[in-house]
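Novice: Quick note: the sequence shown uses this note's numbering, first residue 5, plus one each step.
For reference, the structure I am asking about is given below.
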Amino acid sequence: MRHGKKVERFSVQSRRSPDCGMDVEKILNSNRFLLRPTGFWPSDNEKNPTLCRVKAYFAMFFITFGTVCAFCLQVSLASDPMSFAESSVTFAGWVLTLLKCIMVYGKRDTVLFLMVKIEKGKLSDYWLQNRSMATNILKIFYIMLIIAYSITPLVTPGKSLPFDGNYPPIVYEEPWYELVYVIELIFGSSAMFHVMTCDLLLILFICQLCNDLYNTTILMQQYGQHKCKLTDVIKQHIMTLNYGRTFCDAASVLFFGQNCICSAVICVACYVSLTTKNTIVLVKMIGVQLTMLSVLFLNCYGGERICSEGLKLHLTIEENSWRSEDAKAGKDICFVIQRAQAPIQVSVGSFGVMNLKFFSDSVYTALSYAVMLQTVTE
Numbered sequence: 005m006r007h008g009k010k011v012e013r014f015s016v017q018s019r020r021s022p023d024c025g026m027d028v029e030k031i032l033n034s035n036r037f038l039l040r041p042t043g044f045w046p047s048d049n050e051k052n053p054t055l056c057r058v059k060a061y062f063a064m065f066f067i068t069f070g071t072v073c074a075f076c077l078q079v080s081l082a083s084d085p086m087s088f089a090e091s092s093v094t095f096a097g098w099v100l101t102l103l104k105c106i107m108v109y110g111k112r113d114t115v116l117f118l119m120v121k122i123e124k125g126k127l128s129d130y131w132l133q134n135r136s137m138a139t140n141i142l143k144i145f146y147i148m149l150i151i152a153y154s155i156t157p158l159v160t161p162g163k164s165l166p167f168d169g170n171y172p173p174i175v176y177e178e179p180w181y182e183l184v185y186v187i188e189l190i191f192g193s194s195a196m197f198h199v200m201t202c203d204l205l206l207i208l209f210i211c212q213l214c215n216d217l218y219n220t221t222i223l224m225q226q227y228g229q230h231k232c233k234l235t236d237v238i239k240q241h242i243m244t245l246n247y248g249r250t251f252c253d254a255a256s257v258l259f260f261g262q263n264c265i266c267s268a269v270i271c272v273a274c275y276v277s278l279t280t281k282n283t284i285v286l287v288k289m290i291g292v293q294l295t296m297l298s299v300l301f302l303n304c305y306g307g308e309r310i311c312s313e314g315l316k317l318h319l320t321i322e323e324n325s326w327r328s329e330d331a332k333a334g335k336d337i338c339f340v341i342q343r344a345q346a347p348i349q350v351s352v353g354s355f356g357v358m359n360l361k362f363f364s365d366s367v368y369t370a371l372s373y374a375v376m377l378q379t380v381t382e
């Protein structure tokens, strides 16, 4: 018999009641066109989990193939430094998409477990509005980016394609040019589609965790006013800690990789913007920078709110106002809860925490390297 800690495998079927997951479907109803094709719709997973798993794996294969193609196109431009730099922005975007798909689609059981734990009635209107606002902001930037990549070849003199590269001459002949153009648009739109799906889920989990931390804080204060039972406080506290640790552990590597790639894209896109004389390329690079900045900012702001709500909970635990009138019982309860309490924060690997300071430091570093790169190449 193997000794050691048993690793729990999250399974939707083993943890949900027949109606579980309907709440999150009501919350995400306006985004079902993103979640159903990728296999993350809870009721679909209940009816046909194998098909949903196949959808997720096919998406990962599709994005992997697109990333390999983007790498080959970038290598073909190695002899032209400016074109190589511009192409590297596109390649980095594909790598970011692949990273998100691996971390989100590859952890389907954990993601679905976090989804079905969400209850619409317990997610306050404040966090529902924040979720909708953040999701809509990202959608706008992603759609703008798709439009920029779609229109650029049409307004550029001569024949060009959405993704730069040294193509064989036959590609620019009829009817192959139109076919390749459409195929690249399909690949680019699919990449944006999957990135939006991953970001949609991440934003949902961040809002849910902040809401749980806030509810735990309020419940502790109500216990001090004799408006609820101690068992309610402990159950809510344990649920929040489990949810928070599961999400933060699962998202740590993703946020680390995403920060590195977003910072690199901002740096290279800024360098291209400073050195290019092509207005069309400049507009496209500005669109890329705005999109990456919005992604990085929303993630860091979400991490900031998680830290803030976690700090409020920690301060509430340390206050005497919530404790029982029985001094001994209050002391014992405080000891138990403080032992269970742990700082809930979204780590970036092992060297940082997602917050607004981390955002400002990352952007400052990226822009500084862009200016240095421009100075060196002049």
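Note that beta-carbon positions come from the ideal geometry of N, C-alpha and C, so glycine has one too.
Hey, how far is the Cα of Leu-360 from the Cα of Leu-258?
Specialist: Position 356 of the sequence shown, counted from the start, is the residue given in the question as residue 360. Position 254 of the sequence shown, counted from the start, is the residue given in the question as residue 258. Cα to Cα, Leu-360 sits roughly 18 Å from Leu-258.
Novice: Ordered along the chain, which non-local residues of its own chain (more than five positions away) have a Cβ less than 8 Å from that of Val-93?
Specialist: The residue given as residue 93 occupies position 89 in the sequence shown. Within the same chain, Val-93 has close Cβ partners Val-269, Val-272, Ala-273, Val-276, Met-289, Val-292.
Novice: Would you report the Cα separation of Leu-371 and Leu-149, rounded to the nearest angstrom?
Specialist: Walking along the sequence shown from the start, residue 371 turns up at place 367. Walking along the sequence shown from the start, residue 149 turns up at place 145. Taking the straight line joining both Cα atoms gives about 21 Å.
Novice: Which first and last residues belong to the alpha helix (DSSP H) in which Gly-291 is found?
Specialist: Here residue 291 corresponds to residue number 287 of the sequence shown, with the count starting at 1. Element bounds for Gly-291: 283 to 322.
Novice: State the Cα-Cα distance for the pair Gly-25 and Ala-255, rounded to the nearest angstrom.
Specialist: Along the sequence shown, read from residue 1 onward, the residue named residue 25 stands at position 21. Along the sequence shown, read from residue 1 onward, the residue named residue 255 stands at position 251. Any answer about Gly-25 is weak, because its pLDDT of 49 lies below 50 and its placement is not dependable; what the coordinates show is given next. Computed Cα separation, rounded: 21 Å.
Novice: Within 10 Å of its beta-carbon, does Ser-364 have 16 or more other beta-carbons around it, so buried, or fewer, so exposed?
Specialist: Taking the first residue of the sequence shown as position 1, residue 364 is located at position 360. Under this definition Ser-364 is an exposed residue.
Novice: Could you name each continuous alpha helix (DSSP H) segment of 4 residues or more that falls completely within the region 88 to 174, going from the start of the chain to the end?
Specialist: DSSP runs (the alpha helix (DSSP H)) wholly in the region 88 to 174: 112 to 120, 129 to 159.
Novice: May I have the straight-line CA-CA distance separating Lys-51 from Gly-43, to the nearest angstrom?
Specialist: Counted from its first residue, the sequence shown places residue 51 at position 47. Counted from its first residue, the sequence shown places residue 43 at position 39. Taking the straight line from one Cα to the other gives about 11 Å.
Novice: Apart from the five residues on each side of it in sequence, which residues of its chain come closer than 6 Å, Cβ to Cβ, to Met-296?
Specialist: Indexing the sequence shown from 1 puts residue 296 at position 292. Correct list, in chain order: Cys-266, Val-269, Ile-270.
Novice: May I ask you to list the residues that DSSP assigns as paired with Ser-351?
Specialist: Locating residue 351 in the sequence shown gives position 347, counting from the first residue. Paired residue(s): Val-357.
Novice: State yes or no: is the C-beta of Glu-313 within less than 8 Å of the C-beta of Cys-214?
Specialist: For the purposes of this step, residue 313 is taken as the residue at position 309 of the sequence shown. For the purposes of this step, residue 214 is taken as the residue at position 210 of the sequence shown. Cβ atoms of Glu-313 and Cys-214: closer than 8 Å.
Novice: Please classify Glu-308: is it buried, with 16 or more other beta-carbons within 10 angstroms of its beta-carbon, or exposed?
Specialist: Taking the sequence shown and counting its residues from 1, one reaches residue 308 at position 304. That one is buried.
Novice: Around the C-beta of Phe-37, are 16 or more other C-beta atoms found within 10 angstroms, so that it is buried, or is it exposed?
Specialist: Here the question's residue 37 lines up with position 33 in the sequence shown. Exposed, since its Cβ has fewer than 16 Cβ neighbours within 10 Å.
Novice: Near Val-199, what residues of its chain come up, given a Cβ to Cβ distance below 8 Å and the 5 sequence neighbours on each side ignored?
Specialist: For the purposes of this step, residue 199 is taken as residue 195 along the sequence shown, with counting starting at 1. Closer than 8 Å at the Cβ level, and outside the excluded window around Val-199, lie Leu-100, Thr-101, Lys-104, Tyr-146.
Novice: Could you tell me if Glu-177 is buried or exposed, where buried requires 16 or more neighbouring beta carbons within 10 angstroms of its beta carbon?
Specialist: The count along the sequence shown starts at 1 and reaches residue 177 at position 173. By the 10 Å Cβ count, Glu-177 comes out exposed.
Novice: Expressed to the nearest angstrom, what Euclidean distance is found between the alpha-carbon atoms of Thr-235 and Gln-225?
Specialist: Reading the sequence shown from its first residue, position 231 is the one you call residue 235. Reading the sequence shown from its first residue, position 221 is the one you call residue 225. Approximately 14 Å between the Cα atoms of the pair.
Novice: If we count Cβ pairs, one from each stretch, closer than 8 Å, do we get three or more for the region 205 to 220 versus the region 240 to 247?
Specialist: Flag = yes, the region 205 to 220 and the region 240 to 247 touch.
Novice: What did DSSP end up calling Leu-278 once you bin it into helix, strand or coil?
Specialist: Looking up residue 278 in the sequence shown gives position 274. Reduced to three states, the DSSP call for Leu-278 is helix.
Novice: In angstroms with no decimal places, state the Cα-to-Cα distance between Glu-322 and Leu-142.
Specialist: To locate residue 322, count along the sequence shown from 1; it is residue 318. To locate residue 142, count along the sequence shown from 1; it is residue 138. About 38 Å.
Novice: Say whether the region 58 to 71 touches the region 83 to 90, bearing in mind that this needs 3 or more beta-carbon pairs closer than 8 Å, one atom from each stretch.
Specialist: No, the region 58 to 71 does not touch the region 83 to 90.
Novice: With 16 other CB atoms within 10 Å as the buried threshold, where does Val-375 fall?
Specialist: Locating residue 375 in the sequence shown gives position 371, where the first residue counts as 1. Val-375 should be labelled exposed.
Novice: Identify, in the order they occur along the chain, each residue of the same chain with its Cβ nearer than 7 Å to the Cβ of Leu-377, setting aside the five sequence neighbours on each side.
Specialist: Numbered from 1 along the sequence shown, position 373 holds the residue referred to as residue 377. Same-chain partners within the cutoff: Tyr-275.
Novice: Can you say whether Asp-168 is buried or exposed, counting buried as having 16 or more other CB atoms within 10 angstroms of its CB?
Specialist: Position 164 of the sequence shown, counting from 1, holds the residue named residue 168. It is buried - the Cβ of Asp-168 has at least 16 other Cβ atoms within 10 Å.
Novice: From the DSSP output, in three-state form, read off Met-64 for me.
Specialist: Taking the sequence shown and counting its residues from 1, one reaches residue 64 at position 60. Helix, per DSSP.
Novice: Go to Asp-48, then tell me how far its alpha helix (DSSP H) extends in each direction, as first and last residue.
Specialist: Working through the sequence shown from its first residue, we reach residue 48 at position 44. First-last of the alpha helix (DSSP H) with Asp-48: 46 to 51.
Novice: How many Å lie between Leu-158 and Thr-250 at the Cα?
Specialist: One-based indexing of the sequence shown puts residue 158 at position 154. One-based indexing of the sequence shown puts residue 250 at position 246. Roughly 46 Å separates the two Cα atoms.
Novice: Less than 7 Å between C-beta atoms, sequence neighbours within five positions excluded: which residues of the same chain meet that for Phe-66?
Specialist: Residue 66 sits at position 62 when you count from the first residue of the sequence shown. Excluding sequence neighbours, Phe-66 sits near Ser-194.
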